[in-house]
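Novice: Can you read through this structure? Questions will come right after.
Numbering (the working numbering), first residue to last: 1 to 225.
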C-alpha cells in the first residue's frame, strides 16, 4: 500500500485508489501532490479490508476496464462502502449499455483515466459536495435522452420529490426511511416510481437530472431539510 499526503483548503480528503499498481501509482502520486491524502490498494477485495484496517476514506476511486466482471466487483464494493462515494475511472471508453451498467451500481462519479489528474481531482471535489461527477460525454447523452420527459412538477408527488432530494444529498435508503419516518420498503417503492417517471436508472443520474431541472421545482415543492 502506498500513502501520499496532500492538503485541502478545509481538510485533507482521504482517498482510496483501487486498481493495478502500474496504472494507479502515478495517479495516486499526482493526486497526492495536489490536495489529498491517498492510499492505494491493488484490487477491489482489498478495498473492503482497507475500510476495516485503515478506516473509511472520504472518496474511493476505482480504476477499471469496462468489463462485466469488473462491474460486478464494483457493485460488490458499493454494497460494502456504506455511503462512501465511489468514482469509477475507466481505462478505456465504454459503450452506452456498459456505462449505464456502471451507473446502476450506484457510483457517484464516472471519469476517464486519460483525462488526467486535474479532471479526477475536480470529480473528487464534486462528490464530496454531494454532486454528481460525470464525464462530459456521459452528461451530454444523458441530458439528450431526457429532453422528452415531463416537467418535474407534473411528474412527481411531493413525497416522491422529497425522497429524490434526499437521494441527491447522498442519503441511503435506511437514512431516508429514518428521516421521513417511513419503511425502507416504502422508500424503495418511491424510488422505483421516481426513476421510472423521470427516466433515470441510478442515484447519480437522478442527481444530474435534478440539477438540470432545478428551476422547475423551486415554487412547487419545499426543500427537504
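We treat Cβ as the ideally placed atom computed from N, Cα and C, and that holds for glycine.
1. Could you tell me how far apart the beta carbons of residue 136 and residue 30 are, in whole angstroms, since I believe they sit closer than 8 Å?
2. Going by alpha carbons, who is nearest to residue 155 out of 132, 190, 138?
3. Counting Cβ pairs closer than 8 Å, one from the stretch 99-118 and one from the stretch 64-83, do we hit at least three?
4. Can you give the beta carbon distance from residue 15 to residue 90, rounded, assuming they're within the 8 Å contact cut?
5. Leaving out the 5 sequence neighbours to the left and right, which residues in its chain are closer than 6 Å to residue 200 when beta-carbon positions are compared?
6. Looking at the structure shown, is residue 109 part of a helix, part of a strand, or coil, going by DSSP?
7. Exposed or buried, residue 1, counting other C-beta atoms within 10 Å across all chains shown (16 or more means buried)?
8. Determine the contact status of residue 44 and residue 73, defining contact as a CB-CB distance below 8 Å.
9. Could you check if residue 307 is buried or exposed, using at least 16 other CB atoms within 10 Å of its CB as the buried criterion?
10. Name the DSSP beta bridge partners of residue 60, please?
11. So, with DSSP's three-state summary, where would you put residue 210?
12. Let me know the secondary structure DSSP gives residue 258 once reduced to three states.
13. Quick one, are the C-beta atoms of residue 101 and residue 111 less than 8 Å apart?
14. Among the candidates 170, 171, 164, 120, whose CA atom is the shortest distance from the CA of residue 17?
15. Nearest-angstrom Cα distance between residue 216 and residue 51?
16. Helix or strand or just coil, what does DSSP make of residue 156?
17. Can you name, in chain order, every residue of its own chain whose Cβ lies under 6 Å from the Cβ of residue 19, other than the five neighbours on each side?
18. Measuring CA to CA, which of 198, 94, 187 is closest to residue 138?
19. Per DSSP, which one or two residues make a beta bridge with residue 180?
20. Exposed or buried, residue 22, counting other C-beta atoms within 10 Å across all chains shown (16 or more means buried)?
21. State the Cα-Cα distance for the pair residue 37 and residue 47, rounded to the nearest angstrom.
22. For residue 99, count neighbouring C-beta atoms within 10 Å of its own C-beta (all shown protein chains included) and say buried if the count is 16 or more, exposed if not.
Specialist: Taking the coordinates as given:
1. In fact, because the Cβ distance is near 21 Å, the residues do not count as touching under 8 Å.
2. 190
3. yes
4. Not a contact, Cβ separation roughly 17 Å.
5. 206, 209
6. Reduced to three states, the DSSP call for residue 109 is strand.
7. With a pLDDT of only 42 at residue 1, under 50, the local geometry of the prediction cannot be trusted, and the value read off the model is given with reservation. Residue 1 should be labelled exposed.
8. yes
9. Residue coverage of the chain in this structure runs from 1 to 225, which leaves residue 307 outside it and unanswerable.
10. 16, 86
11. Looking at residue 210 - three-state DSSP - the assignment turns out to be helix.
12. Residue 258 is absent from the structure shown; the chain starts at 1 and stops at 225.
13. The answer is no: Cβ separation not under 8 Å.
14. 120
15. The predicted position of residue 216 is uncertain, since its pLDDT is 39 and thus under 50; a value taken from the coordinates is nonetheless stated next. The straight-line gap from Cα to Cα measures roughly 40 Å.
16. coil
17. 63
18. 94
19. DSSP, once it has assigned bridges, lists no residue as partnering residue 180.
20. exposed
21. 16 Å
22. Residue 99 comes out buried.
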